[in-house]
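Novice:
Chains as they are written, first to last, in my numbering: chain A, 176 to 335; chain B, 526 to 971.
#1: Quick check: residue 646 of chain B and residue 655 of chain B, are their CB atoms within less than 9 Å of each other?
#2: Determine the contact status of residue 688 of chain B and residue 702 of chain B, defining contact as a CB-CB distance below 9 Å.
#3: My output table needs one value for residue 612 of chain B: the three-state DSSP class, helix, strand or coil.
#4: Between the C-alpha atoms of residue 199 of chain A and residue 699 of chain B, what's the straight-line distance to the nearest angstrom?
#5: Could you say which of A:294, A:232, A:227, A:305 lies nearest to residue 328 of chain A if we only look at CA atoms?
#6: Within this structure, are the beta carbons of residue 748 of chain B and residue 757 of chain B separated by less than 9 Å?
#7: By the DSSP assignment, the beta strand (DSSP E) with residue 686 of chain B in it spans what residues?
#8: Of all the CB atoms in chain B, is at least one closer than 9 Å to the CB of residue 274 of chain A?
#9: How big is the Cα-Cα spacing for residue 684 of chain B and residue 806 of chain B?
#10: Is the CB-CB distance between residue 797 of chain B and residue 773 of chain B below 9 Å?
#11: Evaluate contact between the region 865–874 of chain B and the region 819–835 of chain B, counting only Cβ atoms and requiring at least three cross-stretch pairs below 8 Å.
#12: Identify, in the order they occur along the chain, each residue of the same chain with its Cβ nearer than 7 Å to the Cβ of residue 292 of chain A, setting aside the five sequence neighbours on each side.
#13: Spell out whether any CB of chain B is found under 9 Å from the CB atom of residue 213 of chain A.
#14: Alpha carbon to alpha carbon, how far is residue 279 of chain A from residue 780 of chain B? Give it in angstroms, no decimals.
#15: I need the straight-line Cα distance from residue 912 of chain B to residue 881 of chain B, nearest angstrom please.
#16: Have a look at residue 816 of chain B and residue 664 of chain B and give me their C-alpha separation to the nearest angstrom.
#17: Quick one: give me the first and last residue of the beta strand (DSSP E) that residue 242 of chain A is part of.
#18: What are the start and end residues of the alpha helix (DSSP H) that includes residue 226 of chain A?
#19: Express the C-alpha separation of residue 615 of chain B and residue 567 of chain B in angstroms, rounding to a whole number.
#20: Tell me which residue opens and which closes the alpha helix (DSSP H) that residue 312 of chain A is part of.
#21: Following the continuous beta strand (DSSP E) through residue 959 of chain B, name the residue where it begins and the one where it ends.
#22: Mind listing the chain B neighbours of residue 311 of chain A? Cutoff is C-beta to C-beta under 9 Å, in chain order.
#23: Taking contact to mean at least 3 C-beta pairs separated by less than 8 Å, is the region 666–680 of chain B in contact with the region 924–944 of chain B?
#24: Which residue from A:335, A:312, A:332 puts its Cα closest to that of residue 326 of chain A?
#25: Residue 611 of chain B: buried (16+ other C-beta within 10 angstroms of its C-beta) or exposed?
#26: Using the C-alpha atoms, what's the distance from residue 851 of chain B back to residue 834 of chain B?
#27: Return the first residue and the last residue of the alpha helix (DSSP H) that residue 320 of chain A is part of.
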């Protein structure tokens, strides 16, 4: 991993967000990171169990899982195998920069992309339901590329 | 929740007249027509009766204000200041002194008379051509007193139609989503109001998320998306009785509903296993038909007014674009080829245009194009706006616009806006709360 390149990318994106949001403050740079349009920070992340993050993030208009997302989902699959009585809802979300109806479809597609990955790691589809919120439930109310990156997500939520 | 439609329309004096004054609706508000809307005359006894029933000081004056505001809002008319009027309402309604109205540069004059007859409201009005010194139109209506604002809207529709040659859009309502609370936990309710923002009513309580209400062409029914019990499904709501039901029995999310032009079908998206396709359900026999079958996202369907074609949004090219197909799903053609992404296509009630939302270089636009994709015109640009809905005469679009928040995520708001097809006369539509997803009804009368 070339860390300086990642940091450089993140910095470029943060700079871009600063110019876009004229009123953004310097505080932005400490609240999170973006790599290639995908959120890599831990700001909004919660944990299903120790070391098992509850969410994965996506690039704009994308439903493809990143390497980091696949790692998170493998951890979730491991946790689900150990806790066979737990069912989950995968809640798919989009950022506010898209039309409402398309974003509902996009959220559904993102959650299913996470579902498919969990299934390849042995989790039965009976234990997973999918719910798209489109852009209706942002976790960050900001209007910046960083806020949008946190909102493009699929969150695994215990159903029982 | 119960809404009143009771309306007795009585036309007593249809008059044939020649269009002496003409308003060119294709040129926007460059030169709005100066028009004088005289307060409608009212006798003292009627005045007292209406005061008791409606708590309105002077109903004649109030109705004329409804007309005046409508005409101003259209951008095509310039209602003149009432303080400059020289003639008393009752005299003017019998026979205007055209010199007086000419003096204040009025080209058209609206006069009328309000009476209380058998517990009912009777309104007559006349439209005069000031320059020619002629009566252009005279009509009378009888209705229940509580309908008084609608009388003002119907008068406006008649005046608009007589002077522009096109149907009006004032005796209509807008259904929309009322929004409150922080952006991360927005509370949304269905709400309905008259086109001018009055008579606002909430149709749901806000217990569950509701989105994208759309009027039926028959006006009694609305279709929308509700997250009732966390199951996002398309619902049908009767706005008169408050009865609602799920549309179809789909094992997954249904969304993006609209009625067919005859009101007999609902067209919508059904999402399953990461794929959204377009389906219809016949409301009479409940037969469900699949219209598209493609691994891409297909959504936001909207019928042409003749019901023969459907425009919709798909990312089958890789990104959101607008397509047109036959109503059976055959002959799919992409029609948007400009730079950027295109969404929310809506077919004009006139049939000739498709309104859309466009995202290009971080800006959102509301625009129109011909149904073959040519002649794209962008009407308005902003940080965020989408979801145009046509006025029933196809001259005005209503849509919603959201503001950018500051660095702390504060300052979010969502409001309804309207704009003329010409790109002129952009106006905010006042609502009690924040608002989004507007849908314009067809004309309530005729």
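Glycine included, C-beta positions come from ideal geometry on N, C-alpha and C.
Keep in mind it's a predicted model, so treat the numbers as computed, not measured.
Specialist: Here's the rundown:
#1: Within the second chain, numbered from 1, the residue matching residue 646 of chain B stands at position 121. Within the second chain, numbered from 1, the residue matching residue 655 of chain B stands at position 130. Between residue 646 of chain B and residue 655 of chain B, the C-beta spacing is not below 9 Å.
#2: Taking the second chain and counting its residues from 1, the one referred to as residue 688 of chain B is at position 163. Taking the second chain and counting its residues from 1, the one referred to as residue 702 of chain B is at position 177. Result no, Cβ atoms of residue 688 of chain B and residue 702 of chain B do not sit closer than 9 Å.
#3: As a first step, residue 612 of chain B must be located in the second chain, where it is residue number 87. Here residue 612 of chain B sits in coil by DSSP.
#4: Start at 1 with the first residue of the first chain, and residue 199 of chain A comes out as number 24. Start at 1 with the first residue of the second chain, and residue 699 of chain B comes out as number 174. Bear in mind that the predicted position of residue 199 of chain A carries a pLDDT of just 38, short of 50, making it too unreliable to give a figure here.
#5: The sequence position of residue 328 of chain A within the first chain is 153, counting from 1. Nearest C-alpha to residue 328 of chain A: A:232.
#6: Counting from 1 along the second chain, the entry for residue 748 of chain B is found at position 223. Counting from 1 along the second chain, the entry for residue 757 of chain B is found at position 232. No; because the gap between Cβ atoms is not below 9 Å, this pair is not in contact.
#7: Counting from 1 along the second chain, the entry for residue 686 of chain B is found at position 161. Not the beta strand (DSSP E): residue 686 of chain B falls in the alpha helix (DSSP H), residues 673–689.
#8: Position 99 of the first chain, counting from 1, holds the residue named residue 274 of chain A. Residue-level contact check: residue 274 of chain A touches chain B, since one or more beta carbons of chain B fall below 9 Å from its beta carbon.
#9: Counting from one through the second chain, the residue named residue 684 of chain B turns up at place 159. Counting from one through the second chain, the residue named residue 806 of chain B turns up at place 281. When rounded, the distance between both Cα atoms is 40 Å.
#10: Taking the second chain and counting its residues from 1, the one referred to as residue 797 of chain B is at position 272. Taking the second chain and counting its residues from 1, the one referred to as residue 773 of chain B is at position 248. No, they are not a contact pair.
#11: In short, these stretches touch, since the Cβ pair count reaches three.
#12: Within the first chain, numbered from 1, the residue matching residue 292 of chain A stands at position 117. Excluding the 5 residues flanking it on each side, residue 292 of chain A has same chain C-beta neighbours closer than 7 Å at 240, 245, 248, in chain order.
#13: Taking the first chain and counting its residues from 1, one reaches residue 213 of chain A at position 38. Interface with chain B (9 Å Cβ-Cβ cutoff): residue 213 of chain A is excluded.
#14: Here residue 780 of chain B refers to the residue found at position 255 when the second chain is read from its first residue. Here residue 279 of chain A refers to the residue found at position 104 when the first chain is read from its first residue. Cα to Cα, residue 780 of chain B sits roughly 8 Å from residue 279 of chain A.
#15: To locate residue 912 of chain B, count along the second chain from 1; it is residue 387. To locate residue 881 of chain B, count along the second chain from 1; it is residue 356. Rounded to the nearest angstrom, the two C-alpha atoms are 7 Å apart.
#16: Here the question's residue 816 of chain B lines up with position 291 in the second chain. Here the question's residue 664 of chain B lines up with position 139 in the second chain. Distance from the CA atom of residue 816 of chain B to the CA atom of residue 664 of chain B, rounded to whole angstroms, is 47 Å.
#17: Position 67 of the first chain, counting from 1, holds the residue named residue 242 of chain A. Following the DSSP letters along the chain, one finds residue 242 of chain A in no beta strand (DSSP E) but inside the alpha helix (DSSP H) bounded by residues 242–257.
#18: The count along the first chain starts at 1 and reaches residue 226 of chain A at position 51. For residue 226 of chain A, there is no enclosing alpha helix (DSSP H), as DSSP gives it neither H nor E.
#19: As a working mapping, residue 567 of chain B is identified with position 42 in the second chain. As a working mapping, residue 615 of chain B is identified with position 90 in the second chain. Cα to Cα, the separation comes out at about 8 Å.
#20: Here residue 312 of chain A is taken as the residue at index 137 of the first chain, counted from 1. Run containing residue 312 of chain A: none; DSSP gives neither H nor E here.
#21: Here residue 959 of chain B corresponds to residue number 434 of the second chain, with the count starting at 1. Segment 959–965, the beta strand (DSSP E) holding residue 959 of chain B.
#22: Walking along the first chain from the start, residue 311 of chain A turns up at place 136. Going along chain B in sequence order, the residues near residue 311 of chain A (Cβ under 9 Å) are 711, 713, 734, 736, 752.
#23: The answer is no - the region 924–944 of chain B does not touch the region 666–680 of chain B, with fewer than three Cβ pairs under 8 Å.
#24: In the first chain, the residue the question calls residue 326 of chain A occupies position 151. In this structure, A:312 is the residue among A:335, A:312, A:332 with its C-alpha nearest to the C-alpha of residue 326 of chain A.
#25: Here residue 611 of chain B is taken as the residue at index 86 of the second chain, counted from 1. It counts as exposed.
#26: Walking along the second chain from the start, residue 834 of chain B turns up at place 309. Walking along the second chain from the start, residue 851 of chain B turns up at place 326. Roughly 4 Å between the two C-alpha positions.
#27: Position 145 of the first chain holds residue 320 of chain A. Note, residue 320 of chain A: alpha helix (DSSP H), 320–326.
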